[in-house]
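Peer 1: Numbering (full-length UniProt numbering), first residue to last: 1 to 370. Think of the CB as a built atom: it goes at the ideal place given N, C-alpha and C, for glycine as much as any other residue. I am attaching a structure below and will ask some questions about it afterwards.
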């Protein structure tokens with residue numbers, strides 16, 4: 001699978017542009033703020049129906065414009081498909097494959113998988129549990145539509161249960177049977193999500209270890225610990241235990257929406273004890289493990305989007321990384337960089353058939369097809 005071309009209108013800082021891509025390596029070169037990362041985000045949109053950096057769709061429309069369009073042609077299994085994403089302010093996002101709208105966006109997710117490695121990934125280490133749950137959910141959802149359906153229905157049940165708890169508090173009333181309707185929905189949908197998360201992490205961890213020790217060039221032991229209330233209690237007992245507290249807090253305090261991941265190296269928490277180099281290596285290895293997982297599950301090589309990786313690693317390790325992902329186990333790659341000479345050196349040493357686009361002020365200044 002690869003993305004043959006990309007066309008943008010009013011997407012973020014891009015007014016209009018069209019690109020034709022090489023099947024393997026493509027590079028966007030330009031200064032910070034030129035629009036390089038936004039190109040990766042546009043590709044991410046076509047893959048998973050949303051921005052990697054800004055989940056509010058309307059904020060991805062160019063300033064003072066009323067709509068955006070992102071579209072491109074994918075080649076997969078010797079067949080070509082045109083994917084279209086459009087949004088008008090105040091209206092619902094439109095997603096089409098070969099001019100036919102999807103009944104629901106979930107039907108598209110996983111068909112054209114992608115993995116992005118970005119400086120923003122550091123949030124996976126430094127920020128709260130929601131970021132790490134989203135990482136898990138985004139990966140599993142790209143490979144398992146049943147998981148995605150269960151997750152969506154579970155989250156809806158939690159929202160409705162929370163609304164009911166607020167209603168009880170505002171009206172000084174309580175209906176146990178009404179609450180139990182949502183308890184049952186949470187349990188029905190939440191248990192399979194929990195089991196899938198456990199299975200996913202069991203498969204991901206050896207892949208993480210493999211890539212970490214290639215990138216870090218060492219023999220350390222990275223690990224991911226899955227933290228969940230369901231480890232020690234079944235779901236119905238957990239909800240009953242928290243019922244009185246939930247009534248007071250007007251919020252559902254128990255369930256898989258409280259799950260978290262703990263990252264460690266040699267038994268020491270990465271967030272607290274990991275050096276900057278260890279943290280960078282851990283995050284890149286985590287994303288390559290994600291890539292490996294998706295490829296193994298689907299038999300399709302995801303797009304690999306490498307955003308400003310020179311900021312994460314020295315040049316020797318960047319070249320080592322690009323050589324690693326340039327072998328037959330990886331598919332199409334997109335790289336952003338701020339230095340043209342550095343990119344030229346990389347292309348010369350790794351792939352002389354790459355396409356290099358020089359970007360300035362959200363315009364293509366120069367295009368070089370090797």
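(1) Can you tell me whether residue 353 is helix, strand or coil according to DSSP?
(2) Measuring straight from C-alpha to C-alpha, what distance separates residue 240 and residue 225?
(3) Report the rounded CA-to-CA distance for residue 231 versus residue 261, giving the unit in angstroms.
(4) Below 7 Å between beta carbons: does that hold for residue 322 and residue 310?
(5) Could you compute how far the alpha carbon of residue 139 sits from the alpha carbon of residue 336?
(6) Start and end of the alpha helix (DSSP H) containing residue 184?
(7) At which residues does the beta strand (DSSP E) containing residue 5 begin and terminate?
(8) Tell me the rounded alpha-carbon separation between residue 343 and residue 358.
(9) Give me the residue from 314, 316, 315, 287 with the minimum Cα distance to residue 302.
(10) Residue 334 bridges to which residues according to DSSP?
(11) Taking the beta carbon of residue 246 as the centre, do at least 16 other beta carbons fall within 10 Å, making it buried, or is it exposed?
(12) So the candidates are 264, 355, 328; which of them puts its Cα closest to the Cα of residue 126?
(13) Just to confirm the assignment, what range does the alpha helix (DSSP H) spanning residue 382 have?
(14) Note the first and the last residue of the continuous alpha helix (DSSP H) segment covering residue 36.
(15) Using DSSP with H/G/I as helix, E/B as strand and the rest coil, what is residue 104?
(16) Could you check what DSSP says for residue 140 in three-state terms: helix, strand or coil?
(17) If you follow the beta strand (DSSP E) that residue 87 is part of, which residue opens it and which one closes it?
(18) Would you call the CB atoms of residue 304 and residue 115 closer than 7 Å?
(19) Between 293, 366, 271, 266, which lies nearest to residue 122 when the distance is taken from Cα to Cα?
(20) Could you check which residue in 235, 199, 198 has the C-alpha nearest to that of residue 186?
(21) Output the distance between the C-alpha atoms of residue 109 and residue 172, rounded to the nearest integer angstrom.
(22) Should residue 63 be labelled buried (16 or more other beta-carbon atoms within 10 Å of its own) or exposed?
(23) Can you find the residues in the same chain that come closer than 8 Å, C-beta to C-beta, to residue 89, ignoring five residues on each side of it along the sequence?
(24) Return helix, strand or coil for residue 52, following the three-state DSSP convention.
(25) Taking Cβ to Cβ, would you say residue 87 is nearer than 7 Å to residue 93?
(26) Beta-carbon separation of residue 201 and residue 285 under 7 Å?
(27) From residue 327 to residue 339, what distance separates their C-alpha atoms?
Peer 2: In short:
(1) Taking the first residue of the chain shown as 1, we reach residue 353 at position 353. In this structure, residue 353 counts as coil in the three-state DSSP scheme.
(2) Counting from one through the chain shown, the residue named residue 240 turns up at place 240. Counting from one through the chain shown, the residue named residue 225 turns up at place 225. The alpha-carbon atoms of residue 240 and residue 225 are separated by roughly 26 Å.
(3) Locating residue 231 in the chain shown gives position 231, where the first residue counts as 1. Locating residue 261 in the chain shown gives position 261, where the first residue counts as 1. Spanning the two alpha carbons is a distance of roughly 13 Å.
(4) Here residue 322 is taken as the residue at index 322 of the chain shown, counted from 1. Here residue 310 is taken as the residue at index 310 of the chain shown, counted from 1. Not a contact, by the Cβ cut-off of 7 Å.
(5) Within the chain shown, the letter at position 139 stands for residue 139. Within the chain shown, the letter at position 336 stands for residue 336. If I take the Cα positions, the gap works out to 23 Å.
(6) Here residue 184 corresponds to residue number 184 of the chain shown, with the count starting at 1. 176-215 is the span of the alpha helix (DSSP H), which, as asked, contains residue 184.
(7) Within the chain shown, numbered from 1, the residue matching residue 5 stands at position 5. Start and end: 2-11.
(8) Here residue 343 corresponds to residue number 343 of the chain shown, with the count starting at 1. Here residue 358 corresponds to residue number 358 of the chain shown, with the count starting at 1. Looking at the two C-alpha atoms, the distance is approximately 11 Å.
(9) Here residue 302 refers to the residue found at position 302 of the chain shown. Comparing Cα positions, the closest option is 287.
(10) In the chain shown, the residue the question calls residue 334 occupies position 334. 26, 305, per the DSSP bridge assignment.
(11) Translated into positions along the chain shown, residue 246 becomes position 246. With 16 or more Cβ atoms within 10 Å of its Cβ, residue 246 is classed as buried.
(12) Translated into positions along the chain shown, residue 126 becomes position 126. 264 is the residue among 264, 355, 328 whose C-alpha sits nearest the C-alpha of residue 126.
(13) Lying before the first or after the last residue shown, residue 382 is absent from the chain, which here runs from 1 to 370.
(14) Walking along the chain shown from the start, residue 36 turns up at place 36. Element bounds for residue 36: 36-48.
(15) As a first step, residue 104 must be located in the chain shown, where it is residue number 104. Three-state DSSP puts residue 104 in coil, outside helix and strand.
(16) Position 140 of the chain shown holds residue 140. Looking at residue 140 - three-state DSSP - the assignment turns out to be helix.
(17) Within the chain shown, the letter at position 87 stands for residue 87. Start and end: 79-88.
(18) As a working note, residue 304 is residue 304 in the chain shown. As a working note, residue 115 is residue 115 in the chain shown. Yes.
(19) Taking the chain shown and counting its residues from 1, one reaches residue 122 at position 122. Here the closest residue by C-alpha is 271.
(20) The sequence position of residue 186 within the chain shown is 186, counting from 1. It is 235.
(21) The sequence position of residue 109 within the chain shown is 109, counting from 1. The sequence position of residue 172 within the chain shown is 172, counting from 1. In a straight line, the C-alpha of residue 109 is about 43 Å away from that of residue 172.
(22) The residue given as residue 63 occupies position 63 in the chain shown. Residue 63 is exposed by the Cβ-count criterion.
(23) For the purposes of this step, residue 89 is identified with residue 89 of the chain shown, where counting begins at 1. Within the same chain, residue 89 has close Cβ partners 58, 61, 66, 67.
(24) What you label residue 52 is simply residue 52 of the chain shown in a count that begins at 1. If DSSP states are grouped into helix, strand and coil, residue 52 belongs with coil.
(25) Within the chain shown, numbered from 1, the residue matching residue 87 stands at position 87. Within the chain shown, numbered from 1, the residue matching residue 93 stands at position 93. A contact, by the Cβ cut-off of 7 Å.
(26) Here the question's residue 201 lines up with position 201 in the chain shown. Here the question's residue 285 lines up with position 285 in the chain shown. Contact: no.
(27) Counting from 1 along the chain shown, the entry for residue 327 is found at position 327. Counting from 1 along the chain shown, the entry for residue 339 is found at position 339. Here the C-alpha atom of residue 327 lies approximately 24 Å from the C-alpha atom of residue 339.
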